[in-house]
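For the sequence shown, my numbering assigns the number 233 to the initial residue and increments by one for each residue that follows. Even glycine gets a Cβ: it sits at the ideal position worked out from N, Cα and C. So the structure is just underneath, and the comments pick up after that.
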Amino acid sequence: MGLINPLGTAVTLQPFGQNAGAASALLGFLQMGCAAISIAITSALPLSPYLAFSAVIATSLLMAMVTFAVAVKR
């Protein structure tokens, strides 16, 4: 995490130049918002905590892969 997060953030903010501050704020908001939604879903699932967390992580991975595939096609 200590190596991946800073590099990912730098690559994400690179195209924004003058608006890097606003882009960074939006990135932080999206990260915290997705974490809050994931926690709420994990808590609401009627499964063991480990299984619920695994299901949410797997679903998040699938959504990220679909989003990446759609973005690459454009």
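For residue i and residue j, what's the separation of their Cα atoms in angstroms?
i, j, result
"Phe248", "Pro278", "42 Å"
"Ala272", "Pro238", "27 Å"
"Ala252", "Val304", "23 Å"
"Val298", "Gly234", "26 Å"
"Ala276", "Phe261", "22 Å"
"Met295", "Gln250", "30 Å"
Could you check whether residue j and residue i sit closer than 8 Å to each other, using their CB atoms as the reference points?
i, j, result
"Leu245", "Ala254", "no"
"Thr241", "Leu258", "no"
For my contact list, residue i and residue j are in at a C-beta cut-off of 8 Å; report their separation, rounded to the angstrom.
i, j, result
"Ser292", "Ser270", "7 Å"
"Thr274", "Ala267", "Contact flag wrong, Cβ pair sits at about 10 Å."
Applying the 10 Å Cβ sphere with the 16-neighbour rule, what's the burial state of residue i?
i, result
"Val302", "exposed"
"Val243", "exposed"
"Val288", "buried"
For residue i, decide whether its Cβ has a neighbour in chain B, counting only Cβ atoms nearer than 8 Å.
i, result
"Gly253", "Protein chain content of the structure displayed is limited to a single chain, and chain B is not contained in it."
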